[in-house]
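Visitor: In my numbering, the protein residues as written are -15 to 466.
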RNA sequence: GGCCACGUGGCGGAGUGGUUACGCAGCGGUCUGCAAAACCGUUUACCCCGGUUCAAUUCCGGGCGUGGCCUCCA
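Below, the structure is given as structure tokens:
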């Protein structure tokens, strides 16, 4: 099946053929190579950060399916040197290394909860200073970069194709620029490859004979890490659309100039931006929602990671997405209805061709939803299960329970509980369980006496605790809202 | 100000030059004290204005709106 991907550089949906296949390398040497910009580890990742992680995890899974698990190399970097990290560490009064390690662990936990496979490599920027310096020296030697006031700057006019990704004519960019240009730049568009550090800031010996120790600029790390792991030219470079300019444009300038390649990556794949309840999600608006909050307690509800993953995939990755409570609830409902009647799936069972076909069409996950709904409708639960597993969903209904944070008397109870058709309130705190049992008995009595107003009142009260009642022929079951 | 995306029924969301995807919600029915759940059935769409065409939601131009980038940002 032929994978097609939309390439931002050419603005076209094209057939994807990995370079090694096109070159006809021996089978054992072939690799599909993908690089995705990862997190800057200074604070919990928010739901916007989760989008590329989930989207490219799906692409990773698809590539493994198409080319073989051992043929795909997926690199997602960790940016652990950055001014925001320095600021945050100072604010918290902790060592930079401690902050970055802790934040990375939190990120790894969150991402795992979202059903994402670990990438093949997760290189940290601070462990790649040496290749960054090697690239910088090379760029200077070749006349693509220069030293000025202890900075090393990339000279943009030395790269004739600059702007090819974002399609920005240089003169127009300058006309609209709102930033003050540092006086030592030869050209206003020139960007920093290396900068001197002040005392107390992270620093390494500087390249190019610069006396003051310094640290890398933002863009060079990705060029260096991609080079080390994937070579001078590779197949796919991914990330959020906001990175298109300047970050990816500058990566291209650095890598292509250093290695004299016609492309840095053969496909540039960008996911669209995410909004929250119709608003831009930003610290300035005060509506940033972290993955952690969504998993633990978002307006009283902790959502299963699989629900969050599913919700993300209901929108095509290229489209702008609006993240809403209503949307998450709908996702959760759909997933529950599917998980309820999955039959056991054998490990070897493959998803039906339509599933792979939908993904091969530029990761058309909404189309994929249609296929999944069809499998459900036609009661093909084996195929449904195999498809879900393929997409990173467990199919295990016990992983789909929500966590409620209740106000019950003093303090709050966070309760996480399973729910079956049987009584299943055992994970509520004891005093709540007693309360619930008493309410149920009271309601049973009221119903016997045909006092239905009272019975309905009690039902509403239980509903507030996320307990649902189902009146059967001669019994009433209690279950936790799922 | 410059550049770039996007604009589909109550909501979410694909797709297509001609045959009203799909899901959620809603409505009707079976069932129920009433509900819930389940099952069956079912309504509603392509931002505005021009143009091309036998025919446009789909192509082209303009407008309006939303968002992104130009400064850290997925």
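Cβ atoms here follow ideal geometry from the backbone N, Cα and C, with glycine treated the same way.
Quick caveat: nothing in here was measured; it's all calculated off a predicted structure.
What residue ranges within the region 21 to 72 form continuous alpha helix (DSSP H) runs of no fewer than 4 residues, ordered along the chain?
Guide: If we require 4 residues or more, the alpha helix (DSSP H) runs fully inside the region 21 to 72 come out as 31 to 51.
Visitor: What's the call for residue 487, buried or exposed, on a 16-neighbour Cβ count within 10 Å?
Guide: What the structure shows of the chain is the stretch from -15 to 466, and residue 487 is not part of that stretch, so it cannot be assessed.
Visitor: Is it buried or exposed, residue 162, if we count other Cβ atoms within 10 angstroms and call 16 or more buried?
Guide: In the first chain, counting from the first residue as 1, residue 162 sits at position 178. Unreliable placement is indicated for residue 162, whose pLDDT of 47 sits below 50; no coordinate value is reported for it.
Visitor: Just tell me which of 185, 145, 91 and 413 has its CA closest to the CA of residue 277.
Guide: Translated into the one-based positions of the first chain, residue 277 becomes position 293. With distances taken between Cα atoms, residue 277 lies closest to 91.
Visitor: Under DSSP, the beta strand (DSSP E) around residue -4 begins and ends at which residues?
Guide: Locating residue -4 in the first chain gives position 12, where the first residue counts as 1. Element bounds for residue -4: -4 to -1.
Visitor: Applying the 10 Å Cβ sphere with the 16-neighbour rule, what's the burial state of residue 470?
Guide: Since the first and last residues shown for the chain are -15 and 466, residue 470 lies out of range.
Visitor: Put residue 229 into one of helix, strand or coil per three-state DSSP.
Guide: The count along the first chain starts at 1 and reaches residue 229 at position 245. Helix, per DSSP.
Visitor: Please specify which runs of the alpha helix (DSSP H), each continuous and at least 4 residues long, are wholly inside the region 65 to 111, giving them in chain order.
Guide: Counting whole runs of 4 or more residues, the region 65 to 111 contains the alpha helix (DSSP H) stretches 67 to 76 and 80 to 97.
Visitor: Report the CB separation of residue 16 from residue 47 in whole angstroms; it is logged as a contact under 8 Å.
Guide: Locating residue 16 in the first chain gives position 32, where the first residue counts as 1. Locating residue 47 in the first chain gives position 63, where the first residue counts as 1. So it is a contact: roughly 5 Å between Cβ atoms.
Visitor: My guess is that residue 123 and residue 175 are in contact by the Cβ rule of under 8 Å, so how many angstroms apart are they, rounded?
Guide: Residue mapping note: residue 123 aligns to position 139 of the first chain, counting from 1. Residue mapping note: residue 175 aligns to position 191 of the first chain, counting from 1. The Cβ separation is near 12 Å, so there is no contact.
Visitor: Tell me which residues share the same chain as residue -12 and place their Cβ nearer than 7 Å to its Cβ, disregarding the 5 neighbours each side in the sequence.
Guide: The residue labelled residue -12 in the question sits at position 4 within the first chain. Contacts found: -3, -2, -1, 0, 344, 345 and 346.
Visitor: What would DSSP say about residue 141, mapped onto helix, strand or coil?
Guide: Taking the first chain and counting its residues from 1, one reaches residue 141 at position 157. The answer is helix: DSSP assigns residue 141 an H, G or I state.
Visitor: Kindly confirm or deny that the region 16 to 36 and the region 317 to 325 touch, where touching means at least three C-beta pairs closer than 8 Å.
Guide: Contact between the region 16 to 36 and the region 317 to 325 is absent, because fewer than three Cβ pairs lie under 8 Å.
Visitor: Which two residues bound the contiguous beta strand (DSSP E) that contains residue 307?
Guide: Within the first chain, residue 307 is the residue found at index 323, counting from 1. Segment 305 to 307, the beta strand (DSSP E) holding residue 307.
Visitor: Buried or exposed: which applies to residue -8, given that a residue is buried once 16 or more other Cβ atoms fall within 10 Å of its Cβ?
Guide: On the first chain, position 8 is the one that residue -8 refers to. Buried: at least 16 other Cβ atoms inside 10 Å.
Visitor: By a C-beta neighbour count over all protein chains shown, 10 Å radius and 16 as the cutoff for buried, is residue 354 buried or exposed?
Guide: The residue you call residue 354 lines up with position 370 of the first chain. Residue 354 should be labelled exposed.
Visitor: In this structure, how does DSSP classify residue 316 when only helix, strand and coil are distinguished?
Guide: Working through the first chain from its first residue, we reach residue 316 at position 332. If DSSP states are grouped into helix, strand and coil, residue 316 belongs with the helices.
Visitor: Put residue 266 into one of helix, strand or coil per three-state DSSP.
Guide: Numbered from its first residue, the first chain carries residue 266 at position 282. Coil.
Visitor: Identify, in the order they occur along the chain, each residue of the same chain with its Cβ nearer than 7 Å to the Cβ of residue 295, setting aside the five sequence neighbours on each side.
Guide: Residue numbering aside, residue 295 sits at position 311 when the first chain is read from its first letter. Around residue 295: 311, 312 and 315.
Visitor: Counting Cβ pairs, one atom from each stretch, are 3 or more of them under 8 Å apart for the region 213 to 224 and the region 189 to 204?
Guide: At 8 Å Cβ cutoff, the stretches do not touch.
Visitor: Spatial neighbours of residue 384 within its chain, please: C-beta separation below 8 Å, excluding the five flanking residues on both sides.
Guide: Looking up residue 384 in the first chain gives position 400. For residue 384, where only same-chain residues beyond five positions count, the Cβ hits under 8 Å are 288, 290, 291, 316, 319, 320, 323 and 466.
Visitor: Helix, strand or coil for residue 113, going by three-state DSSP, please let me know.
Guide: In the first chain, residue 113 corresponds to position 129, counting from 1. Helix.
Visitor: Just to check my reading of the structure: residue 376 and residue 327 have Cβ atoms closer than 8 Å, yes? What is that Cβ distance to the nearest angstrom?
Guide: Here the question's residue 376 lines up with position 392 in the first chain. Here the question's residue 327 lines up with position 343 in the first chain. Their Cβ separation, rounded to whole angstroms, is 19 Å, which puts residue 376 and residue 327 out of contact at 8 Å.
Visitor: Just to confirm the assignment: which complete alpha helix (DSSP H) runs, minimum length 4, are found wholly within the region 208 to 252?
Guide: Counting whole runs of 4 or more residues, the region 208 to 252 contains the alpha helix (DSSP H) stretches 233 to 243.
Visitor: Here's the rule: buried if 16 or more other CB atoms are within 10 angstroms of the residue's CB, otherwise exposed. What is residue 75?
Guide: Taking the first residue of the first chain as 1, we reach residue 75 at position 91. It counts as exposed.
Visitor: Tell me, please, which residues DSSP counts as bridged to residue 203.
Guide: The sequence position of residue 203 within the first chain is 219, counting from 1. Residue 203 is not bridged to any residue.
Visitor: Relative to the C-alpha of residue 333, which residue among 368, 55 and 169 is closest?
Guide: Locating residue 333 in the first chain gives position 349, where the first residue counts as 1. Closest option to residue 333, Cα to Cα, is 368.
Visitor: Pick out whichever of 341, 115 and 449 has its Cα sitting closest to the Cα of residue 390.
Guide: Along the first chain, one-based indexing puts residue 390 at 406. Considering only alpha carbons, the answer is 449.
Visitor: By the 10 Å Cβ neighbour count, where 16 or more other Cβ atoms means buried, how is residue 380 classified, buried or exposed?
Guide: Within the first chain, the letter at position 396 stands for residue 380. Burial call: exposed.
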